[in-house]
Structures are given as structure tokens and as C-alpha cells.
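Q: Protein chains in written order, with our numbering: chain G, 1 to 340; chain F, 1 to 340; chain R, 1 to 340; chain W, 1 to 340.
Starting off with a structure, shown below.
Number of protein chains: 4
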Amino acid sequence: MIVVMNHCADKKDIQAVISKLEKTGFQIHLSEGVERTIIGAIGDKTRLGSMSLEAMPGVEKVVPILAPFKLASRNFREENTVVCVGDIEVGGDAIHVMAGPCAVESREQLMESALRVKEAGATILRGGAFKPRTSPYSFQGLEEKGLEMLAEAREATGLKIVTEVMDPRTLPLVAQYADILQIGTRNMQNFFLLKEVAAMDKPVLLKRGISATIEEWLMAAEYIIAGGNSQIILCERGIRSFETYTRNTLDLTAIPVLKHLTHLPVIVDPSHAIGKWRFVLPMARAAVAAGADGLIIEVHPNPSEALCDGPQSLTPENFRHLMDEVRQVSKIMNRKMPDA
Amino acid sequence: MIVVMNHCADKKDIQAVISKLEKTGFQIHLSEGVERTIIGAIGDKTRLGSMSLEAMPGVEKVVPILAPFKLASRNFREENTVVCVGDIEVGGDAIHVMAGPCAVESREQLMESALRVKEAGATILRGGAFKPRTSPYSFQGLEEKGLEMLAEAREATGLKIVTEVMDPRTLPLVAQYADILQIGTRNMQNFFLLKEVAAMDKPVLLKRGISATIEEWLMAAEYIIAGGNSQIILCERGIRSFETYTRNTLDLTAIPVLKHLTHLPVIVDPSHAIGKWRFVLPMARAAVAAGADGLIIEVHPNPSEALCDGPQSLTPENFRHLMDEVRQVSKIMNRKMPDA
Amino acid sequence: MIVVMNHCADKKDIQAVISKLEKTGFQIHLSEGVERTIIGAIGDKTRLGSMSLEAMPGVEKVVPILAPFKLASRNFREENTVVCVGDIEVGGDAIHVMAGPCAVESREQLMESALRVKEAGATILRGGAFKPRTSPYSFQGLEEKGLEMLAEAREATGLKIVTEVMDPRTLPLVAQYADILQIGTRNMQNFFLLKEVAAMDKPVLLKRGISATIEEWLMAAEYIIAGGNSQIILCERGIRSFETYTRNTLDLTAIPVLKHLTHLPVIVDPSHAIGKWRFVLPMARAAVAAGADGLIIEVHPNPSEALCDGPQSLTPENFRHLMDEVRQVSKIMNRKMPDA
Amino acid sequence: MIVVMNHCADKKDIQAVISKLEKTGFQIHLSEGVERTIIGAIGDKTRLGSMSLEAMPGVEKVVPILAPFKLASRNFREENTVVCVGDIEVGGDAIHVMAGPCAVESREQLMESALRVKEAGATILRGGAFKPRTSPYSFQGLEEKGLEMLAEAREATGLKIVTEVMDPRTLPLVAQYADILQIGTRNMQNFFLLKEVAAMDKPVLLKRGISATIEEWLMAAEYIIAGGNSQIILCERGIRSFETYTRNTLDLTAIPVLKHLTHLPVIVDPSHAIGKWRFVLPMARAAVAAGADGLIIEVHPNPSEALCDGPQSLTPENFRHLMDEVRQVSKIMNRKMPDA
């Protein structure tokens, strides 16, 4: 950590900062320049959280040197984490695709979706039973009935299940049914929920917050790992920018950046990022070309009848086409993909 | 609602949209232009949520005409909502200032803060007992002990208490102590938590999500009103932009915009928005000049020892100065303010 | 165009809007709903520019229905525009890669760069002679000497030349040397410069403004086409978002969106978007997988000695590796690429 | 400047960075921590521009310590710069308001505007003769005829004239008529134009770029001062964020931040920032309460007939009301304001 003193800081101010840092166990390097004095502090960064150096007289700014995440960092663990979902390995040799409807609406809708995405090569079924909706007047999900239908579809197809958990109180219920617990974009910094999934022995799909920096996202992962669960799959799903033609701005560069910073696997959700089905296929291809370990795609047997997010859902035919294209890209990337 | 068909939509596509809308109870106005056909649909907007018109063949885009919030809207209720916190009226004639430390750290720190902000004219004491922190290694709050200290400070000073609730499971506990329940920026779209505070008979301070549009913010308020609680104070606390010199970008224009769109009172939190104490005073003045009903300000007896957010906390002396300045602006605005 | 009247608009307000629109030659469709009156106006959109309907009494908002660009639109011209740069066709069957240093620094540096990128399969040499620099103290380019070196490198290698023009006064000079005139991100809305390049008989590389929406970008292209030059290559180069780990946020979804909205070819500049050479290769692969017609890549024989943007420049070895990878992706996309 | 080496950097990498810095004349302070080696470099920051340290092997990041602007900095010049426009002092004791139509449309429109804003207490007349317009089909300004009308209005009223210059070629013409040369938001980084106005002996109104950080904005001012002209008025006019209810997000916090960082005067343009006349008055009040030295406000005798930006223009009556309110705020700020 570097503490930059402002140009009117006097000896007393500088000494006060040094004393405070030394008391907390930091080792000090002092550089006195013509215009500024700079104090380097070397020591355990986890102590920084509870120090308010910038409020001390004469301090201009505090510049952290090390990333604030530790357990999630590639420095801490060099080899890739492979997340096991039963016999499926996310982050291993193969690209895995999760697919299905935004929301579970009925047995027929879900079963039809499950069969069709399975046929096309998906290995994991997505579907929301609890739905976070901007409007209180929108469909909020079938809740436990939806979870039961997901379990039934798993039974029938062998697909694993990923579904969202929104509330610590319903986590035990969701965990009974889900193979992967999804933390949605609005809950990426719901720290109590993070602490609860950290205590579970189940893989977690951690979506990026809609305006989360990569560092904040890795700090959310750090909460889960620090709580005991390192079976985390990161999911890029678009960030909020000024551009309104697409629903959000898909930040594919986050994929190689994450591969550099962390050992955790990364997948991409182009459907939610873009909000228009027409552009999902090329961006799925691009995501895998950028190094993603998998995809999560919305598929609905009849998008125009969907109770949620129809405009971004693929028909089963379009999804099959997407899988064919992604399969070709995965070969170039030296990744396997289950046959259709 | 306006449905714009794309230029290759044929009669069949147009008829399908019309049939779907008519079946849902909308009345139709059709405009066939040279380049586009446009379908106007008049009816109950709350039905829109569960229709995926944009996924229908030939549909280019759907343009909503009415705002999606209803109960929170100024059209629904013309006069201002005044939120009563005991004998204090937020949104009434007077400007109210909430002040205190970011986090409750100790009896001494809190009591000292409470006495000093009371002296300067604050009427409500702020202080976090449960703290949302980006890092799992940062101080997470004193929890119930913190709540007890807040109650003690209320006892000693007569100040009302505002404190954050982060989890539906601890809501009953927090509600035992708090006069106002604060929903923080990270929980503005924690819909289960919104539904729970909606069921309480207690005022809610609803902070704007860090990347929430004004419309999304009012939809969060709509959740709470629709659930039965219209005692809501909106709090602008800065949004995320590309500018990094300040922690966030304080969007003061949101104040007159909200006054136009909704009947709910609006206060401003310059401390969190800016992150640097030096700029809090002028922006507090500006907030009241823009029409805010109050302020929430971080004050710490010794900012450089603060366990949380010291750099943005005012000393009691600086806070007293701020109150003097704000008092002058409130006179111009024809608003009262409690004497110091 | 749809004019939404607010709920207190009276008959007189509505009639005034209708009269004004009819006088301008629009045909009117009136929809009187319970809560709102809506006025649809059908006619020539280019008249809208000079009307201030939103300032009329009773008007709540004006919603445009058609895109504001016309000549740049895919509706206007269905087939792809192919931009001919001598015998090279950008936007045709082949993927073309432009490569070279950020700035021309010396004959040696440029010639070495040119030979190495040519060897690896690039067909166009990039290099700035006039450099837009945030700081007045940074290297501003070699100006005419730099242009002469570019011409010399073209002579020696057969590569075409793309270089930036920043000022209408030096446009004739730059145009003497360049095969493609680059309009940089800071000049995307320098409308006088756009009008001047519109009058030239030379291809234009139009970079996206750092905070330009796709619509604004296409309006900049519209300026050039309306002025008589439709030989335009669009270049996505990252937009400004809150994320600071990368220099900008590369918006690859813009590629399929542009392919849908316009007939103009689209290339991608991952080097400037990202600012770190390490992530350029995967994003080049992703850009082509998303449907880009080409790439522009910074290559420097010795990045750590570069006078400009060294951190994002590839070494010639890394560039050769990038080209090998991109060549594989182009096969999947059924695009040709010149052999190395 | 601090160079942070990555954790696999070896002795050779570290030595190479040190040698390079020492050769450029920097003095070195080395801190070898357990996890990272950090190299502090003290010396003339203007040499940094041409060094690509981040491209050297083993370098993780380079952290600048001093701001990159020098002549524009409050450290360089402690007292406020007062910009003299004839006998008017911007940045002195008095608040000055510039007002008038977005574009000069006719003699009648301009003269009527000039008389009315003068009556209400404005001291400077604004009006565009050259207009930057997103669409090539929108009204582009009356050019020299517009300038003549501005001169005539000055003659008749005694108001000073501020008008935009967009092109180095028309600068001599504009400078013949204008008292203040306006650099618009789209030209804040048009560096050739900056260099030209730097060579003029005339005050410059430098608007913030729509997505410019405060630092980039001050670097644009640095270009002008470094070129010889320090008569610069900075103008905050809203930045681009995700919020779409207002045209841009007015960043009033920039005012006290600029007062801290620079000696240059700062004014605010709420009309362009917000885009809706209804919210201009409260934000004008807030701007002065935040410490602005002045305002620039759009006023049109008949906003709904305006050829440009009618929706954000005030009627003369509304402007008079605004001036009354601003006058009250200026008293609190201990600033004078010309009587109406």
C-alpha cells in the first residue's frame, strides 16, 4: 500500500501516518520527493479494511498495490479449479452448455424445453422457480412447484439442474432440488446470501452484478471461498453502459481477464446480456472463442408465449443451430463438447 | 403501448399481434404508414408484464407509453406523502437531517456522535449495526449489540434511529430497535426483502441502487407500496459512472425529477456518493437548493480512527458548520429547520 | 413518430400539436385513451430535426419510430457494401488485418514493423503521423515526415496505408499519402471533418466515439454518405464504462447489431479497447467469431521502447501467433484470409 | 510514479526497469516486499508520456502519483484566475449568467432574446452560429450571418457574446465577432482546435466532454494554457451515464472538486445537461449553491418554434423567475449579482 501525502502535509502529519501503520504491523518505506512525500507500507493487506488513513490530516490518497482478493486469486492457486456437478466437470476439458427457459411455467413447457436442449447437446437445464422481477406485477415464479418440475425433468433427461436462489430462507428448499445454486446479478453483493451458499456443499453459479467491476465480482467469490465453498462458476452476463440498443453490454474481455486473475471457471450468458434472440448466436460463438468454459442460453418452445424474457429466448431449432456453430469453435479451442 | 412492426412484417404477422392484444383485453388503433405499420394498444398496463410481444414474428420493437409504476406515481396521488417518524415529519414543512457514524463501533463513539449531531440540529441518528462490506475481511458490524447501543443513544438524546436491514431473517430484530428501516443500495432490488418491509408498519428509507434508473427505483418503491406500506423516503446516494475522482456521481437532478414523478419524499446522502469529506458540505447545500426534503450525513468523532468509511466522515465541528450553511439555504427554499 | 400528451393536456393543446404536424406535411392518427392521448404522425422523418414538439404545452414525450439514419441503413441498401482499397476488398469474402505501430517513430521502427506484419499476413499497414494525445507533453507525431515513411513502407512491402486525419487543414496532405483515411474516436462527431472526408474519393475508417451509441455512430456515417462518400469501414474500439481494469469495454455485440442495421463493413480494434497486449489475442479471435470483417492491431518491434501505447502493442512474434489463431476462426466463418 | 512488479518478476526484470528510469533522470526508491517488489521513481513527470514501462517484462502496473496537469493546477497557482471579458470578471466576486437561444435563427428571435435576458440580469448573450448536430439533416446554423446578428445584438444591448467555434478554419471569422470562444463538448479533445484557441488573445469557454473525466478535462485546459492562453472558463454540462430520463447526468460535484484542483473559474449549463426545461431552475439554484461562478442558460422567445433544442429552453418569463431565485442563492454564497 502506498500513502501519498499532499503537498502541504508537514512532518507531524507524516509521522502520524507512519506511527499508525507501524502500530498495525506494517513495515515502512519512506520516499521524500520534491513535491510529495510517499509512504510505502508492506504487510498483511487484510488489516487495511478497518483503517481510515484517507481521513488523516495531510493524506492525499491511498493506493492499494495488491488485489484485495486472496483465495480467489490465481496467485493463491495456480491450476484451474474444476467444478464437479455430478459427473460433469465445468472448467475441465469440455465446454458445457446450460439451457432452458427463463422461468419454469408448466410441466409441458419445461419438459419440452428439456428434451429439446438435451437433444442438441446441452448438459445442464436452466429454469427459474423464484424470479427476480423489476415489477411487482410481473410473474414471480412457480416456487416449490417449479422446483418439483425441474427435478422431474432431470429424472426424465439426465440433465443437471441450475436454478436461482434469492433468499436465505428458501435456500434449504432450493438446495434440495438444484445441482447448481445460481446467485443472480441483483444478489451478487447480497452478503448474507453469499455467506449461506458458502456453507453449502454445492456448486454455485455466481453471476456478475450489473454494475460490478471485475474486482468486486472476485470479492463476492472471495466471500464464498472464505466461507468454505470453492466450487464456484463465474458467469458474465453483461454490464450496464450508456448503450441502449442492447439490454446490457456483454463484456467478453472479462473472460481472458478472469483467466489471468483467478483459477475459477467462467461461463457466459449472452441471452440476458443482449435481450434480443437475433444476436445470441454470434455472441455465443465469440464467447467460446474468447476462452469461456461454457454458456448459459435461454431456450423456450414458443418464445412469444413466454411469461418472462421471450424476446431473448431461442426456439429449439435456433438453439440446435447455435450448438452446431459453438461445436466448431470449441474444436479450434481444443475443447471437447458433448455430441448432439 | 405501441408495437412497431418491422418493414418485412406481412398481414399475417400484424394480425397475430392484434389478436393476441385483443385477447388480453387491449383496444387497438392501427396506423399503416409507408415504411412501417404501427399498432397502438390501449388498456391495463399491468397485463404487459407477462406478454412477450417482441418475440413474435415481424415485431421490431415495443414502446411503452405509460410509466410502469402506478401507486408510487404523482398521477395516482397528487399531494406529497409525509412520512411520520414519531413526531417528526419527513417531506413536510421542515428539512430533516439524519447524521451519525457509518458503523456503530462502541458505546462511547456512538454516544459522542449522537450528542454532537443533536447539538448541531440533526433529528435522526444514523449508524450501521449490520454492514454490507465489499470485502469479507472488513468489519461487518456489531449486530444486536450495535442495535442496543442505538436504542440507548435514542434514550439519551431523543433522536430517532435509522439503521440498515440486510436480511429478511434479521428484519424482526432490527425492527424492534429502528424507527426507520434502511434498505441499502445493494438491496434496492432484493425483492424478498422489499416484500418483507412492505408488511411492516414502519417507515422505510429506500436508497437508490448504484446503477438503478429512476424508473427502476420507483418500481422498487412500488413493491413496498403494493405490499401495504407507503411510508417510504427515497434517498439519492450517487450512481456509478466512468468518473473515478469521486466514489460515485451524485445525481442531484433526480430530486426535481422525482418531485415531478412521485409523491414520496426525497433526501440525499452526499457522504457515500462522494467518498471524500471535503466535498460534502457544498453538495449538502446544493441538495437542499435542488429541493431535497432532507439529508443523511456521516459524522464521526474521530474520522481517522473509523472502522468504516472514515474518509467521507465529517468531524462534529465540520458537521456544525454544514448545518449552519444548510439552514441558510433552507430559508430560501421556505423550509423550516430545527434550531441548533 | 408518436407524440404522447400528458394527462393534463386539454383539447386546445392537442389541437395545437396536430395543426403543427399537419402544417409540416405529416398525416395524423389520433388515439384517445383513458389516461393519455397519443398522436401518431406519419411522414418524412427528416423534417423532425427542426421541430421542437416537446416544448409545446401538454406534450409529455415524443417517441421516434424510425431510425434517424437513412443512407447508412440496411433498409436503404440490402446487400453489403464492399470497400475497395486498391485491389483489397474490405467487407468481401476475406478477413483483412491492418497492423503496425501506434505512432510512426522512425524509418527503422516502421520498416521493421511493416515487414513483420506483412510476413504474418496483414494487408494494410497502420501508423499514426498525427497523434491525438490527452497530454500536451506527450509525443504528437512526426507529421509529414511520418507520412513519407508510411509511403516508403508501402513502396517496399505492397501494404496499403491507413493513417489518422485530425484537422480539415491537413486533410489534403494526409490524403496524398493514405489509402484509407482514419477518423479517430475523438473526432467521430467533428462534423466539419466528416463533411470534408465526405467530399474525398477515398475510403474512410470511422472509429466509434468513446461514448457514442450505435445510432450516433451510424449518424456520423450518414454525414459522410450524405456528402457523397459511401466507402466507409466502421471500427469498434471500445466504449467507456465503469470498469477500469481494461482501458475501455470492447462492445463486440455491436458487430452483429451493425450487420443487422447497416450495409457497411465492420472491423475491430482490440488493442486500443483493452490497453493490455495480453488480452488482445483472445479478443481478436472473438471479434472474428462474432462476425467482424477485419481487425486492426498494434504491433511494435519493441513495445517497451514505444513512444505511444506500448503496453497494448504486440511483438511481431505475438502478432504472428494471433494471425494463426484468427486464420482458424475465419475458416469456421467461411471467410478467406491471405496466407502468411 | 510507482512501478509495481508482478510476483514472477526476477532480478533481471527489476534491474531493467530501474536502469530505464535512471537513464531518463528519475531517482529510485526500491521496496522489496514478500509478495511484490515496488519501484518508486521521483522526477519530472512530463517525461512519463513517452515511456512504455507497462510493456516491460515483469511489470504489473504503473501508478502515477502526481496529477498529469501542471499549469492548470491549484498547486501551480494558488489564487483564483479571474477571466476578464471586457469589464466583466468571470470568477470574481460576482455570479455571471450567460443566456440566449441555442441557435441564432433570425434577427427578430435573437434581438427579442437579447433584450429579455438583459432585462432579467444576464450579462453575456449566448447563441450558436455554427451548430454541431448529430444529424446531417438538422439545421446547421446561419454561420457568418448569425455572427453578424450577434454583433448587432451586442451593439443594441451591451451584452457580451459567447458563441461556439468548431473548426480551425473558421476560428479567425468567429474570433472577429465573439467576446468568448466556446469549445463545445464534442471538441474538448479536438487538439488542433485547442492549440489554435491557445494562440488567440481571447477568453475560452471550455465545455466538458460528454464522457470526459475531470482529469482529461483539465488536460484539455492544460493544452490551452501551455499554448499561451490562460483565460479559460470551465463549463460542466452533464456527462453520459446509464440514466435516460434526463439527457445527461449533471455532475455538480465537479464544481467543488475543480475548485480544489484548479484555479480556473467554473460555470454550469443545466439546459444541455438535462434537456427538459422543467428541471433547469432547481438545478441552476443548486449549481450556485455548490459554488459555481456562473451559469449558461438557454432562453428562447418561443421554445416550441425553436429550430434547435426547444424542449430545454426557458421562456423569458421562466428565465426571469430563475434569475430571481439564483439571486437569492448568490447572497448566501456571498456573491454579487447584477440587478435585473
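Each residue gets a CB set at the ideal place from its N, CA and C atoms; glycine is no exception.
Are the region 113-128 of chain R and the region 68-77 of chain R in contact at 8 Å, needing three or more beta carbon pairs?
A: Because the criterion of three Cβ pairs below 8 Å is not met, the region 113-128 of chain R and the region 68-77 of chain R do not touch.
Q: Pick from G:GLY158, G:ILE297 and G:MET337: whose alpha carbon is nearest that of LEU419 (chain G)?
A: The requested residue 419 (chain G) does not occur in the structure, where chain G is confined to residues 1 to 340.
Q: Measuring alpha carbon to alpha carbon, tell me which residue in R:THR262, R:GLU215, R:VAL59 and R:ILE210 is nearest ARG237 (chain R).
A: Here residue 237 (chain R) refers to the residue found at position 237 of the third sequence. The shortest Cα separation from ARG237 (chain R) among R:THR262, R:GLU215, R:VAL59 and R:ILE210 belongs to R:ILE210.
Q: Just list the residues that DSSP pairs HIS29 (chain R) with in beta bridges.
A: One-based indexing of the third sequence puts residue 29 (chain R) at position 29. Residue pairing by DSSP puts HIS29 (chain R) in a beta bridge opposite R:GLY40.
Q: Would you list, in chain order, the members of the region 298-311 of chain R that have their beta-carbon closer than 9 Å to a beta-carbon of chain W?
A: HIS300, ASN302, PRO303, SER304, GLU305, ALA306, LEU307, CYS308, ASP309, GLY310 and PRO311
Q: Taking any Cβ of chain F, which residues in the region 75-90 of chain R have a Cβ under 9 Å from it, in chain order?
A: ASN75
Q: Pull up the distance between the alpha-carbon of SER106 (chain W) and that of LEU125 (chain W), whole angstroms please.
A: The residue given as residue 106 (chain W) occupies position 106 in the fourth sequence. The residue given as residue 125 (chain W) occupies position 125 in the fourth sequence. Our two residues, SER106 (chain W) and LEU125 (chain W), have alpha carbons roughly 15 Å apart in a direct line.
Q: By Cβ distance, which residues of its chain are closer than 7 Å to ARG327 (chain W), with the 5 residues on each side in sequence left out?
A: Start at 1 with the first residue of the fourth sequence, and residue 327 (chain W) comes out as number 327. Closer than 7 Å at the Cβ level, and outside the excluded window around ARG327 (chain W), lie MET337.
Q: Kindly provide the ranges of any beta strand (DSSP E) runs that are 3 or more residues long and lie completely inside the region 95-145 of chain F, ordered along the chain.
A: Every unbroken stretch of the beta strand (DSSP E) spanning 3 or more residues and falling wholly within the region 95-145 of chain F is given here in chain order: 96-100 and 124-126.
Q: Is TYR137 (chain G) close to chain R? Criterion is C-beta to C-beta, closer than 8 Å.
A: Along the first sequence, one-based indexing puts residue 137 (chain G) at 137. With 8 Å as the cut-off, TYR137 (chain G) does not count as an interface residue toward chain R.
Q: Mark THR244 (chain F) as exposed unless 16 or more other C-beta atoms lie within 10 angstroms of its C-beta, in which case mark it buried.
A: What you label residue 244 (chain F) is simply residue 244 of the second sequence in a count that begins at 1. So THR244 (chain F) ends up on the exposed side.
Q: Any C-beta of chain F sitting closer than 8 Å to the C-beta of PHE279 (chain G)?
A: Looking up residue 279 (chain G) in the first sequence gives position 279. Cβ-Cβ to chain F under 8 Å: no for PHE279 (chain G).
Q: Out of R:GLU148, R:THR134, R:ILE95 and R:TYR137, state which residue places its alpha-carbon closest to the alpha-carbon of ALA122 (chain R).
A: The residue given as residue 122 (chain R) occupies position 122 in the third sequence. Of the listed residues, the one whose Cα sits closest to ALA122 (chain R) is R:ILE95.
Q: Indicate whether at least one CB of chain G lies closer than 8 Å to the CB of ALA289 (chain R).
A: Taking the third sequence and counting its residues from 1, one reaches residue 289 (chain R) at position 289. Cβ-Cβ to chain G under 8 Å: yes for ALA289 (chain R).
Q: Take GLY86 (chain G) and list the residues in its own chain whose beta-carbon comes closer than 7 Å to its own, dropping the five residues that flank it on each side.
A: Counting from 1 along the first sequence, the entry for residue 86 (chain G) is found at position 86. The answer, listed in chain order, is LYS160 and ASP179.
Q: In whole angstroms, give me the CA-to-CA distance for MET333 (chain G) and ARG285 (chain G).
A: Reading the first sequence from its first residue, position 333 is the one you call residue 333 (chain G). Reading the first sequence from its first residue, position 285 is the one you call residue 285 (chain G). Going from the Cα of MET333 (chain G) to the Cα of ARG285 (chain G) covers about 11 Å.
Q: Please state whether the Cβ-Cβ distance between ILE232 (chain G) and ILE225 (chain G) is less than 8 Å.
A: As a position in the first sequence, residue 232 (chain G) is number 232, starting the count at 1. As a position in the first sequence, residue 225 (chain G) is number 225, starting the count at 1. Taking 8 Å as the Cβ cut-off, ILE232 (chain G) and ILE225 (chain G) qualify as a contacting pair.
Q: Tell me the rounded alpha-carbon separation between ILE267 (chain W) and GLY184 (chain R).
A: Reading the fourth sequence from its first residue, position 267 is the one you call residue 267 (chain W). Reading the third sequence from its first residue, position 184 is the one you call residue 184 (chain R). The alpha-carbon atoms of ILE267 (chain W) and GLY184 (chain R) are separated by roughly 29 Å.
Q: Under 6 Å Cβ to Cβ from LEU193 (chain W), same chain only, skipping five residues before and after it: list those, please.
A: In the fourth sequence, residue 193 (chain W) corresponds to position 193, counting from 1. Around LEU193 (chain W): PRO168 and ASN187.
Q: What residues are listed by DSSP as bridge partners for VAL204 (chain W)?
A: Counting from 1 along the fourth sequence, the entry for residue 204 (chain W) is found at position 204. VAL204 (chain W) is bridged to W:LEU181 and W:ILE232.
Q: Which class does LEU193 (chain G) belong to by DSSP, given the choice of helix, strand or coil?
A: The count along the first sequence starts at 1 and reaches residue 193 (chain G) at position 193. In the structure shown, LEU193 (chain G) falls within a helical segment according to DSSP collapsed to helix, strand and coil.
Q: Ignoring anything shorter than 4 residues, give me the alpha helix (DSSP H) runs that lie fully in the region 250-295 of chain F, in order along the chain.
A: 254-261, 270-274 and 280-289
Q: Take ARG133 (chain F) and list the residues in its own chain whose beta-carbon comes closer than 8 Å to its own, dropping the five residues that flank it on each side.
A: The sequence position of residue 133 (chain F) within the second sequence is 133, counting from 1. These residues qualify, in order along the chain: PHE139, GLN140 and CYS308.
Q: For LYS259 (chain F) and GLY92 (chain F), I'd like the C-alpha separation in whole angstroms.
A: Position 259 of the second sequence, counting from 1, holds the residue named residue 259 (chain F). Position 92 of the second sequence, counting from 1, holds the residue named residue 92 (chain F). Roughly 13 Å between the two C-alpha positions.
Q: Measure the C-alpha to C-alpha separation of MET56 (chain R) and THR81 (chain R) and round it to an integer number of angstroms.
A: Within the third sequence, numbered from 1, the residue matching residue 56 (chain R) stands at position 56. Within the third sequence, numbered from 1, the residue matching residue 81 (chain R) stands at position 81. Cα to Cα, MET56 (chain R) sits roughly 41 Å from THR81 (chain R).
Q: List the whole-angstrom C-beta distance separating THR213 (chain W) from PHE242 (chain F), where the pair is believed to meet the contact cut-off of C-beta under 8 Å.
A: Taking the first residue of the fourth sequence as position 1, residue 213 (chain W) is located at position 213. Taking the first residue of the second sequence as position 1, residue 242 (chain F) is located at position 242. 7 Å between Cβ atoms; contact.
Q: Quick one: give me the first and last residue of the beta strand (DSSP E) that MET5 (chain R) is part of.
A: For the purposes of this step, residue 5 (chain R) is identified with residue 5 of the third sequence, where counting begins at 1. Where MET5 (chain R) is concerned, the enclosing beta strand (DSSP E) starts and stops at 2-5.
Q: If you reduce the DSSP assignment to three classes, tell me which class GLU60 (chain G) lands in.
A: Counting from one through the first sequence, the residue named residue 60 (chain G) turns up at place 60. Of the three classes helix, strand and coil, the one that applies to GLU60 (chain G) here is strand, per DSSP.
Q: In the DSSP output, which residue or residues are listed as bridge partners for SER73 (chain W)?
A: To locate residue 73 (chain W), count along the fourth sequence from 1; it is residue 73. Answer is W:THR262.
Q: Are the beta-carbon atoms belonging to VAL17 (chain W) and ILE38 (chain W) less than 8 Å from one another?
A: Reading the fourth sequence from its first residue, position 17 is the one you call residue 17 (chain W). Reading the fourth sequence from its first residue, position 38 is the one you call residue 38 (chain W). Cβ atoms of VAL17 (chain W) and ILE38 (chain W): not closer than 8 Å.
Q: Judging by CA-CA distance, which residue of R:MET111, R:ALA273 and R:GLY33 is the nearest neighbour of GLY158 (chain R)?
A: Start at 1 with the first residue of the third sequence, and residue 158 (chain R) comes out as number 158. Measuring from the Cα of GLY158 (chain R), the nearest candidate turns out to be R:MET111.
Q: Mind listing the chain R neighbours of SER241 (chain F)? Cutoff is C-beta to C-beta under 8 Å, in chain order.
A: Along the second sequence, one-based indexing puts residue 241 (chain F) at 241. Here the neighbours are PHE242.
Q: Kindly indicate which three-state DSSP category ILE225 (chain R) falls into: helix, strand or coil?
A: Locating residue 225 (chain R) in the third sequence gives position 225, where the first residue counts as 1. Helix, per DSSP.
Q: Expressed to the nearest angstrom, what Euclidean distance is found between the alpha-carbon atoms of GLU54 (chain G) and GLU222 (chain W)?
A: On the first sequence, position 54 is the one that residue 54 (chain G) refers to. On the fourth sequence, position 222 is the one that residue 222 (chain W) refers to. Answer to the nearest angstrom: the Cα atoms are 28 Å apart.
Q: At the level of alpha carbons, what is the spacing between ARG208 (chain F) and GLU215 (chain G)?
A: Start at 1 with the first residue of the second sequence, and residue 208 (chain F) comes out as number 208. Start at 1 with the first residue of the first sequence, and residue 215 (chain G) comes out as number 215. Distance between the alpha carbons of ARG208 (chain F) and GLU215 (chain G) is about 22 Å.
Q: Should GLU60 (chain R) be labelled buried (16 or more other beta-carbon atoms within 10 Å of its own) or exposed?
A: For the purposes of this step, residue 60 (chain R) is taken as residue 60 along the third sequence, with counting starting at 1. So GLU60 (chain R) ends up on the buried side.
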